[in-house]
Amino acid sequence: MKTIVKFLTVFFLAGVFSANLAFSQEGKREYKRYQDCIYNDLSESQKSSIDAIKLESEKKTIVYKADLKIKKAELDKLLLAENPSKKNIDAKIDEITKLKGDIKKERIDHRLKVRDVLTPEQRVDFDLKHKGKNFYKNSHYGNKKSQSYGKGQHQNHKN
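Going letter by letter, the sequence shown gives residues 1229 to 1387 in my numbering.
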């Protein structure tokens, strides 16, 4: 009897994790479809310029994200210290906040550089697709208001 319960538990958990992975990939496919839609209307010179802009931006973002992971690990270490120093913790939080700001600035810089490559007609389409917001913000993939936070309650997020 115990082996059946263990087997069913493992089987159930495997199913839950598999479903979670499948749904997480769905958002990536949707974004890829979105990119292809914009990319098809570009000239070859625009495509090469945008590819160069994207590569430059990705290089910077990768470095920022790696630094961010290191800073978060350092913060965890500070929090787990025998006698945590509020001053050191606050300083580390400031470093993390600065890196998050740098990442956001890089994303905006990337977007503005791409806009500069586009014709006025393409900019209108580009801006309409972005609507000045994150692509996922108004889709069901990124709609935080639909996520349950327990017992039917929803956490309110400011947009």
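No residue lacks a Cβ here, since even glycine has one placed at the ideal position from N, Cα and C. Computed from a prediction, not measured in an experiment: that's the story for all the values here.
Burial state of residue i (16 or more Cβ within 10 Å)
i, result
"Leu1308", "exposed"
"Leu1346", "buried"
"Asn1366", "Confidence at Asn1366 is low in this model, with a pLDDT of 47, below 50, so its placement is unreliable and no value can be given for it."
"Ser1374", "Because the pLDDT at Ser1374 is just 47, under 50, the model does not fix this residue reliably, and the value given afterwards should be weighed accordingly. Answer is exposed; the Cβ neighbour count stays below 16."
Where residue i falls: helix, strand or coil (DSSP)
i, result
"Ser1276", "helix"
"Leu1283", "helix"
"Lys1359", "coil"
"Ile1232", "helix"
Nearest-angstrom Cα separation, counted from residue j out to residue i
i, j, result
"Ile1290", "Arg1335", "12 Å"
"Ile1278", "Glu1286", "12 Å"
"Ala1421", "Lys1332", "The question about residue 1421 has no answer here: the residues shown for the chain are numbered 1229 through 1387."
"Lys1288", "Ile1298", "16 Å"
"Asp1330", "Leu1306", "23 Å"
"Lys1328", "Ala1294", "11 Å"
"His1358", "Ile1317", "37 Å"
"Leu1296", "Ile1232", "44 Å"
"Asn1268", "Ile1321", "42 Å"
"Pro1312", "Ile1324", "18 Å"
"Lys1314", "Lys1326", "18 Å"
"Leu1270", "Ser1276", "10 Å"
"Asp1355", "Glu1272", "21 Å"
"Asp1337", "Tyr1292", "14 Å"
"Gln1274", "Glu1310", "56 Å"
Are the stretch 1337-1356 and the stretch 1295-1310 touching, with three or more C-beta to C-beta distances below 8 Å? In short, these stretches do not touch, since the Cβ pair count stays below three.
Closer than 8 Å is the cut-off here; do at least three beta carbon pairs connect the stretch 1270-1284 with the stretch 1327-1347? Touching, yes.
Minimum length 4: unbroken alpha helix (DSSP H) runs contained in the stretch 1288-1355: Whole alpha helix (DSSP H) segments, 4+ residues: 1314-1345.
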